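Chemist: These protein sequence lines are chains A and B, in that order.
Residues 11 to 320, numbered by our numbering, are exactly what the first sequence covers, in order.
Residues 2 to 228, numbered by our numbering, are exactly what the second sequence covers, in order.
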Amino acid sequence: MFTVISRIIHYGLKNFVRNGLLSTATVAIVTLSLIVFLGLILTNGATNGMIAFLEDKIDITVYFKTSTSEDDILSMKSSIEKLSEVRLVEYVSADKALELFRAKHEAENDQTIIQSLNELNVNPLEPSFNIKAYDPSEYAAIASYLEAPDLKGRISTVSYAKNQVVIDRLIGIIGGVNRAGLAATIILSVIAGLVVFNTIRLVIYSNRDEIGIMRAVGASNALVRGPYVIEGTIIGVLAAILSLFVVLLMFLLAPLVFSSGSYFDFSIPGFSLKDYFYGKLPALLAYQILLGVGITGISSFIAVRRYLKN
Amino acid sequence: MVTFQGVSKIYNSHSQALEDVTFKIGSGEFISIVGRSGAGKSTLVKMLIGEERPSKGRVFFGQYEVNKLKDRDLPALRRHVGIVFQDFRLLPTKNAYENVSFALEVAGRPQREIAELVPQVLDMVGLSEKLSHFPHQLSGGERQRVAIARALVHRPELIIADEPTGNLDPINTAEIIMLLKKINELGTTLILATHDREVVNSLDKRVVTLDRGRVVRDEERGKYILL
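Structure below.
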């Protein structure tokens, strides 16, 4: 048993080295396919980052009438927080709103606004809630809760009504991006998988005479098939490492090629593809090896089968 | 040792390779199976190693009923048989030594035994000087000797030579036949499938003649005579 296993590994290594050119070409093709997969993972990461960013931008702002007392507002806050859809309620008091408003316009050095504020003796701004939901599709439910008669009397405006069209469209876009991403992933995965499978089949086709001779001298199926599976595994591991290396090189070289590094970074606010890549490097390596070895090993296993008849 | 019992092989309604073939081969025999191309010689040989299955009839080899063996049991059967082909079927990327040792490696023999046996067998076929030569560095006759060494090295009870001299000139042919005779004299049963009249007539051994898939003649000390 040990002799057989060691011979399988030995033959596999020897095949890989002896078929130098073919092995190199196969590693290159599998590497390309794995780069496609890696691209899909990164695109997915970027899309999720973008979606998270957009989702974070969606919220409902509820403005209360200036006459509403702070106690009332705080009790409403705790009742809204109890809703299962609500992730966060942020209370901006009238004083706080004024402070923010003033700071903003002072920063912009907008003298007209600052002067007119100084002219006023009362704070014209309304206290407000900033409500965030777990899921953007839940804003409609939250908005309808705010329609309840006991709340409605104290509310001056709800931003949802104004922003409804935009929010709905964003929800639509997010869903669309998710579905398109999934479809692209499936289609490209199938294509890359077929390319690799066919390449491996070619490698084994070129070795069909050797397989015939092995069988004629009485080699067991395991001994005929084993070396090709080993060879496929070597190709898979090498291609996995190479594909990561190529992408790593792209990230390292991007700042040199483009005047600004962020050009390559897609400029997604609140998301850095580079940080995402570096942060996930070990997981990506494991994933690529699993994928590379899986696809080449299984391809070899299946491709040899047709030569094992008789 | 080998028995064909009412063996027929029908590929389709137009093509019948073998028809009701029945004969026995005893242990230690040297038997020539002769006939024109397409007479069914190769089909018969392939049935013996399970590469083809009979449409009808049974094929026995030693303790095996070959026509009933499953695909996964065939390697074990083939390790009891040595096969020599017309086109040698050597691995081009392995040298003479490796081509022979390969047959022992796939049979799972230990390395020590391989290192001892292979030079012995290559010496027996007269190639002790060319162990590290690759097939493309050898002549046709030498390549066939390597192939014979490979068929011989695991000490099979039976060697099947399917047109072994088909690609060789008369001198090499004579040498290969001498070698096969020597192997037979040392106790190995030998089946020679050929359409080379001279070879068969010079052997003066048993001859089974096939014509259009039927056994038309089976003689001890026979000659190659076509109808």
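Think of the CB as a built atom: it goes at the ideal place given N, C-alpha and C, for glycine as much as any other residue.
Small disclaimer: the values here were computed from a predicted structure and weren't measured.
1. Here's the rule I'm using: 16 or more other beta-carbon atoms within 10 Å means buried, otherwise exposed. How should A:I183 be labelled?
2. Hey, how far is the Cα of A:A62 from the Cα of A:G55?
3. Considering only their Cβ atoms, is the gap separating A:V176 from A:F139 smaller than 8 Å?
4. Indicate whether B:A150 and B:V101 have their beta-carbon atoms separated by less than 8 Å.
5. Among all the DSSP beta bridges, which residues are the ones paired with B:A194?
6. Do the segment 92-112 of chain B and the segment 130-147 of chain B touch if we need at least three Cβ pairs shorter than 8 Å?
7. Check whether the Cβ atoms of B:A194 and B:S16 lie closer than 8 Å to each other.
8. Candidates A:P292, A:V227 and A:A202: which alpha carbon is nearest B:R90's?
9. Anything in chain A within Cβ reach of B:L92, meaning under 7 Å, just list it in chain order.
10. Please list, in chain order, the chain A residues whose beta carbon lies closer than 7 Å to that of B:E106.
11. Take the Cβ of A:M11 as the centre, count every other Cβ of all protein chains shown within 10 Å, and call the residue buried at 16 or more, exposed below.
12. Residues of chain A with a CB under 7 Å from the CB of B:F62: which are they?
13. Measure the CB-CB distance between A:V303 and A:G246 and report whether it falls below 8 Å.
14. So what's A:V234 in DSSP terms, helix, strand or just coil?
15. In angstroms with no decimal places, state the Cα-to-Cα distance between B:M179 and A:I308.
16. For A:H20, count the other beta carbons within 10 Å of its own beta carbon; 16 or more makes it buried, fewer makes it exposed. Which is it?
17. Using only the alpha-carbon positions, how far apart do B:L70 and A:L233 sit?
18. Whole angstroms are fine: how far does the CA of A:I18 sit from the CA of B:L191?
19. Which residue from A:A107, A:E148, A:L52 and A:K24 puts its Cα closest to that of A:Y170?
20. State buried or exposed for A:N25, treating a residue as buried only when at least 16 other CB atoms are found within 10 Å of its CB.
21. Reducing DSSP to helix, strand and coil, say where B:L231 ends up.
22. If we call anything under 8 Å between Cβ atoms a contact, is A:T76 one with A:A104?
23. Return the residue from the list B:S140, B:R215 and B:H196 that minimises the CA-CA distance to B:I226.
24. How many angstroms separate the CA atom of A:L135 from the CA atom of A:E95?
25. Please state the DSSP three-state secondary structure of B:D88.
26. Measuring straight from C-alpha to C-alpha, what distance separates A:I223 and A:I244?
27. Cβ closer than 9 Å: which chain A residues qualify as neighbours of B:P165?
28. Could you give the distance in angstroms between the alpha-carbon of A:G271 and the alpha-carbon of A:L204?
29. In three-state DSSP terms, what is A:E179?
30. Going by DSSP in three states, B:G109 sits in which element: helix, strand or coil?
31. Grouping DSSP H, G and I as helix and E and B as strand, with all else coil, what is A:I68?
32. Does the Cβ of A:D66 have 16 or more other Cβ atoms within 10 Å, making it buried, or fewer, making it exposed?
33. Measuring only the C-alpha atoms, how far is B:S140 from B:D163?
34. Where does the unbroken alpha helix (DSSP H) through A:L156 begin, and where does it stop?
35. Is there a C-beta anywhere in chain A that falls below 8 Å from the one on B:D72?
Modeler: Answer, in terms of the structure:
1. So A:I183 counts as exposed.
2. Taking the straight line from one Cα to the other gives about 10 Å.
3. No, Cβ-Cβ distance for A:F139 and A:V176 is not below 8 Å.
4. A contact, by the Cβ cut-off of 8 Å.
5. Beta-bridge pairing links B:A194 to B:I34 and B:D163.
6. Taking 8 Å as the limit for Cβ pairs, the verdict is that the segment 130-147 of chain B does touch the segment 92-112 of chain B.
7. Result no, Cβ atoms of B:A194 and B:S16 do not sit closer than 8 Å.
8. Ranking the options by Cα distance to B:R90, first place goes to A:V227.
9. Those are E220 and I223, listed as they occur along chain A.
10. R17, listed in chain order.
11. Label assigned to A:M11: exposed.
12. Under the 7 Å cutoff, chain A gives no residues; its nearest Cβ is about 13 Å from B:F62.
13. In contact: A:V303 and A:G246 (Cβ atoms closer than 8 Å).
14. Helix, per DSSP.
15. So the two alpha carbons sit approximately 48 Å from each other.
16. Result: exposed.
17. Those two C-alpha atoms are separated by around 19 Å.
18. For B:L191 and A:I18, the distance between alpha carbons rounds to 32 Å.
19. Nearest option by C-alpha distance: A:E148.
20. Answer is buried; the Cβ neighbour count reaches 16.
21. No statement about residue 231 of chain B is possible, as the shown extent of chain B runs from 2 to 228 and does not include it.
22. In contact: A:T76 and A:A104 (Cβ atoms closer than 8 Å).
23. Ranking B:S140, B:R215 and B:H196 by Cα distance to B:I226 puts B:H196 first.
24. Distance from the CA of A:L135 to the CA of A:E95, rounded to the nearest whole angstrom, comes to 28 Å.
25. B:D88 falls in the coil class under three-state DSSP.
26. In a straight line, the C-alpha of A:I223 is about 24 Å away from that of A:I244.
27. Within chain A, no residue comes near B:P165; the closest Cβ sits about 14 Å away, beyond 9 Å.
28. Reliability fails at A:G271, whose pLDDT of 47 lies under 50, so the model's placement of it is uncertain and the value that follows must be treated cautiously. The straight-line gap from Cα to Cα measures roughly 35 Å.
29. In the sequence under discussion, the amino acid at residue 179 of chain A is Arg, which differs from the Glu named in the question. Note: A:R179 maps to helix in three-state DSSP.
30. Taken through DSSP and simplified to helix, strand or coil, B:G109 comes out as coil.
31. Here DSSP, grouped into helix, strand and coil, assigns A:I68 to coil.
32. By the neighbour-count rule (16 or more Cβ atoms within 10 Å), A:D66 is not buried but exposed.
33. C-alpha separation (whole angstroms): 19 Å.
34. Here A:L156 belongs to no alpha helix (DSSP H), and DSSP marks it neither H nor E.
35. B:D72 counts as touching chain A.
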